[in-house]
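Student: Residue numbers (the working numbering): 228 to 753. The C-beta atom is built at its ideal place from N, Cα and C for all residues, glycine as well. Sending over a structure as structure tokens; questions will come in a sec.
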Amino acid sequence: MPCRCGSHSTIRDDQTGNLVCSKCYTILDFDNYEAQIGGITGPTGTNIHIGYAGTGSRIPYKDRKIYQAKTLIHEYALRLDITYSESGITSMIEEITDGEFGEGDWFNVLIGACSYVVMRRDKKFFPAAEVAKAVGCDIYELGRMIARVVKFLKLSLPEISIAGLFEREFNNYMNRKNVDEDKKEMMMKQGIFLVNCAVKWSLTTGRRPLPVVAAVMAFVAELNGVDGLKIEDVAEHVHAVVSTCKLRYKELLAALVRVAQVLPWGKDISVKNVVKYAPFVIQYMELKSMEVPGGGGERVEPFDMEDVISECLQKVAAYGNDENLSNGDSQYFEVRNRSDFPTLSNDNDGNNLKLSHECLSLIYSTFSNEVDAEKLNGQSGQIHVRKRWGLEPYAYQDWWSGKSELSKKLLLKQILEKEVGFDMMPPSFIAGCKANERRRQKINAAKVRINKIMDPSYAGSDGSDNLNSSEVACGGKKRKRRQASEIDWEDFVIEALLLHRVKEEDIEKGHYRALLGLYVFNSGTI
Numbered sequence: 228m229p230c231r232c233g234s235h236s237t238i239r240d241d242q243t244g245n246l247v248c249s250k251c252y253t254i255l256d257f258d259n260y261e262a263q264i265g266g267i268t269g270p271t272g273t274n275i276h277i278g279y280a281g282t283g284s285r286i287p288y289k290d291r292k293i294y295q296a297k298t299l300i301h302e303y304a305l306r307l308d309i310t311y312s313e314s315g316i317t318s319m320i321e322e323i324t325d326g327e328f329g330e331g332d333w334f335n336v337l338i339g340a341c342s343y344v345v346m347r348r349d350k351k352f353f354p355a356a357e358v359a360k361a362v363g364c365d366i367y368e369l370g371r372m373i374a375r376v377v378k379f380l381k382l383s384l385p386e387i388s389i390a391g392l393f394e395r396e397f398n399n400y401m402n403r404k405n406v407d408e409d410k411k412e413m414m415m416k417q418g419i420f421l422v423n424c425a426v427k428w429s430l431t432t433g434r435r436p437l438p439v440v441a442a443v444m445a446f447v448a449e450l451n452g453v454d455g456l457k458i459e460d461v462a463e464h465v466h467a468v469v470s471t472c473k474l475r476y477k478e479l480l481a482a483l484v485r486v487a488q489v490l491p492w493g494k495d496i497s498v499k500n501v502v503k504y505a506p507f508v509i510q511y512m513e514l515k516s517m518e519v520p521g522g523g524g525e526r527v528e529p530f531d532m533e534d535v536i537s538e539c540l541q542k543v544a545a546y547g548n549d550e551n552l553s554n555g556d557s558q559y560f561e562v563r564n565r566s567d568f569p570t571l572s573n574d575n576d577g578n579n580l581k582l583s584h585e586c587l588s589l590i591y592s593t594f595s596n597e598v599d600a601e602k603l604n605g606q607s608g609q610i611h612v613r614k615r616w617g618l619e620p621y622a623y624q625d626w627w628s629g630k631s632e633l634s635k636k637l638l639l640k641q642i643l644e645k646e647v648g649f650d651m652m653p654p655s656f657i658a659g660c661k662a663n664e665r666r667r668q669k670i671n672a673a674k675v676r677i678n679k680i681m682d683p684s685y686a687g688s689d690g691s692d693n694l695n696s697s698e699v700a701c702g703g704k705k706r707k708r709r710q711a712s713e714i715d716w717e718d719f720v721i722e723a724l725l726l727h728r729v730k731e732e733d734i735e736k737g738h739y740r741a742l743l744g745l746y747v748f749n750s751g752t753i
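In structure tokens, the structure reads:
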């Protein structure tokens with residue numbers, strides 16, 4: 228190597244042994260460099276062997292990856308409280324990855340998917356939203372991974388039991404509350420009964436089950452007077468959206484109101500007060516569900532409706548001494564003519580009545596027993612009578628029997644075979660039909676506007692003169708503003724699709740974004 232001065236002549240210093248330039252006497256760089264290339268006589272160096280973790284490590288890379296993967300599986304199993312299924316999750320992941328396991332975000336999602344599939348396969352109820360939160364992924368991403376796992380393993384998972392989900396979430400939440408065990412067990416059966424009724428009413432069709440579970444939990448707590456159980460807290464516990472849970476709660480109340488119309492005071496029951504009348508409604512539904520289709524099973528003997536009501540009036544008058552009822556003005560216990568009460572016999576099945584004879588019989592017997600018991604005990608309390616609503620719903624407490632099969636976890640086919648006094652179409656289907664009808668009206672209106680522009684003579688025959696006269700009568704400019712406000716963005720989109728000759732049947736479905744991309748923006752006409 229030449230020196231900085233350009234000389235190639237070097238000499239070695241006798242004292243230090245370094246090479247120096249013979250012209251400028253500069254010590255040359257890298258004079259004492261020894262190459263660390265290894266070999267028989269050279270040093271070993273710090274080379275990393277292929278397949279090992281690094282210098283000084285004796286664990287192969289594959290073994291380390293498998294160890295860390297199993298540690299992560301154990302961590303998520305502890306977080307989800309499913310350590311009893313950890314071996315099944317590990318073996319499923321090992322089968323999917325051919326024993327290689329993995330690492331990274333995708334492997335976390337795979338652990339969550341296998342955890343859900345194992346629990347579902349073993350008929351143990353586990354919400355996917357809780358799994359997604361535990362592994363730190365989106366629920367849609369988890370759902371796609373679950374579908375891939377099921378398809379790869381060619382599994383056939385059992386149907387989801389919403390009653391099982393309710394039982395799990397209810398037990399987990401009520402463990403925090405100081406509630407008597409007997410009352411908790413009764414609330415559990417009531418909740419399962421209402422969940423099965425919600426399935427019967429198609430409130431869960433095409434929807435996520437957890438908001439319905441949260442709505443039923445909040446309703447049962449309010450029905451039994453359990454404080455501190457708000458729907459917002461329940462929604463957070465079950466990992467559901469609060470607004471969706473409130474919507475399902477309103478739908479549940481509306482369904483109970485429609486069932487209550489068969490009761491004598493059904494016209495007075497609304498969404499605002501249905502909770503107070505829920506014991507009567509649920510009792511009627513429970514009795515209805517225990518009826519055997521085809522006339523078999525236990526049946527209530529026919530009775531004379533007039534005699535029942537007359538005896539009930541006598542009980543009320545004797546117990547209240549006519550003074551307790553004078554301030555009540557109850558519309559359900561005032562004496563009427565004999566012709567106002569049709570007789571229920573074997574020849575008359577009572578279909579012309581707006582009440583259930585089974586429910587009225589049970590209400591009357593319960594009321595009669597309580598009145599007689601209080602008379603024997605020497606109590607002179609008054610009957611709870613409200614001025615507007617009749618008898619107070621909580622006048623008796625033993626309204627729940629829990630004998631119906633709907634108080635148990637049943638399959639969907641078994642639930643649909645039961646009768647609860649009311650059937651309805653799925654709310655999502657009804658909303659879809661209404662949306663299709665609304666879009667059909669918008670399509671027709673858009674066709675009229677297009678024809679008016681393309682053919683002015685069509686406007687005259689369509690009654691445009693009447694429109695102008697209405698504008699003058701209503702004040703001209705004010706009427707024009709109202710007409711303009713009735714047309715929104717959806718109308719403009721429908722007009723554009725019609726002008727591009729899109730089929731009206733496709734427009735009715737409402738997939739505007741896809742239709743615009745297919746016919747408008749990619750059509751080459753703009």
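Keeping to the same chain, check which residues put their C-beta closer than 6 angstroms to that of residue 475; ignore five residues upstream and five downstream.
Tutor: Excluding five sequence positions before and after residue 475, the CB atoms of its chain that fall closer than 6 angstroms to its own CB belong to 438, 439, 442, given in chain order.
Student: Kindly identify the DSSP beta-bridge partner or partners of residue 247.
Tutor: 238, 254
Student: Compute the Euclidean distance between the alpha carbons of residue 358 and residue 327, then round it to the nearest angstrom.
Tutor: So the two alpha carbons sit approximately 23 angstroms from each other.
Student: Taking the alpha carbon of residue 462 as the reference point, which residue from 362, 657, 400, 363 has its own alpha carbon closest?
Tutor: It is 400.
Student: By the 10 Å Cβ neighbour count, where 16 or more other Cβ atoms means buried, how is residue 353 classified, buried or exposed?
Tutor: buried
Student: By Cβ distance, which residues of its chain are closer than 6 angstroms to residue 453, with the 5 residues on each side in sequence left out?
Tutor: none
Student: Quick check on DSSP: helix, strand or coil for residue 378?
Tutor: Residue 378: helix per DSSP, three-state reduction.
Student: Please list the terminal residues of the continuous alpha helix (DSSP H) segment that includes residue 311.
Tutor: No alpha helix (DSSP H) holds residue 311; DSSP gives it neither H nor E.
Student: Output needed for residue 338: all residues of its chain with C-beta closer than 8 angstroms, excluding positions within five of it in sequence on either side, in chain order.
Tutor: Only 299, 300, 303, 316, 320, 362 meet the Cβ criterion.
Student: By Cβ distance, which residues of its chain are closer than 8 angstroms to residue 747, with the 5 residues on each side in sequence left out?
Tutor: 723, 724, 727, 753
Student: Would you be able to state if there are at least three C-beta pairs under 8 angstroms between the region 627 to 645 and the region 506 to 517?
Tutor: yes
Student: Would you report the Cα separation of residue 309 and residue 743, rounded to the nearest angstrom?
Tutor: 48 angstroms
Student: Taking the alpha-carbon of residue 386 as reference, which of 380, 639, 430 has the nearest alpha-carbon?
Tutor: 639
Student: For residue 343, I'd like the list of residues in its chain whose CB is within less than 7 angstroms of its CB, leaving aside the five on either flank, ordered along the chain.
Tutor: 353, 355, 358, 373
Student: What span of residues does the alpha helix (DSSP H) with residue 333 cover, start to end?
Tutor: Counting along the chain, the alpha helix (DSSP H) containing residue 333 begins and ends at 332 to 348.
Student: Hey, how far is the Cα of residue 563 from the Cα of residue 491?
Tutor: Unreliable placement is indicated for residue 563, whose pLDDT of 39 sits below 50; the coordinate value is still reported in the next sentence. So the two alpha carbons sit approximately 15 angstroms from each other.
Student: I'd like to know if the region 405 to 421 and the region 363 to 372 are in contact, where contact means that at least 3 CB-CB pairs between them fall below 8 angstroms.
Tutor: no
Student: Given residue 247, which residues of its chain have a CB within under 8 angstroms of its CB, disregarding the five upstream and five downstream residues?
Tutor: Taking C-beta separations shorter than 8 angstroms and ignoring five residues to either side along the sequence, the partners of residue 247 in its chain run 237, 238, 239, 240, 253, 254, 255, following chain order.
Student: Look at residue 735 and residue 666 and say whether their C-beta atoms are less than 7 angstroms apart.
Tutor: yes
Student: Kindly indicate the opening and closing residues of the alpha helix (DSSP H) around residue 659.
Tutor: 654 to 681
Student: When we look at the beta-carbon of residue 380 and count the other beta-carbons within 10 Å, is it buried (16 or more) or exposed?
Tutor: exposed
Student: So, at 7 angstroms on beta carbons, what are the nonlocal neighbours of residue 395 in its own chain, with the 5 sequence-adjacent residues on each side left out?
Tutor: Here the set comprises 352.
Student: Residue 718 lies in the alpha helix (DSSP H); which residues open and close that run?
Tutor: Note, residue 718: alpha helix (DSSP H), 716 to 726.
Student: Could you give the DSSP three-state label for residue 287: helix, strand or coil?
Tutor: strand
Student: For residue 406, which residues from the same chain have a beta carbon less than 7 angstroms from its beta carbon, with the 5 sequence-adjacent residues on both sides left out?
Tutor: 453
Student: State the Cα-Cα distance for the pair residue 720 and residue 679, rounded to the nearest angstrom.
Tutor: If you take the alpha carbons of residue 720 and residue 679, they lie about 18 angstroms apart.
Student: If you follow the alpha helix (DSSP H) that residue 391 is in, where does it begin and where does it stop?
Tutor: 389 to 401
Student: Where does residue 506 sit, in a helix, a strand or coil, going by DSSP?
Tutor: Helix.
Student: Quick check: the Cα distance between residue 749 and residue 731, rounded to an integer number of angstroms?
Tutor: Each residue's alpha carbon lies about 19 angstroms from the other.
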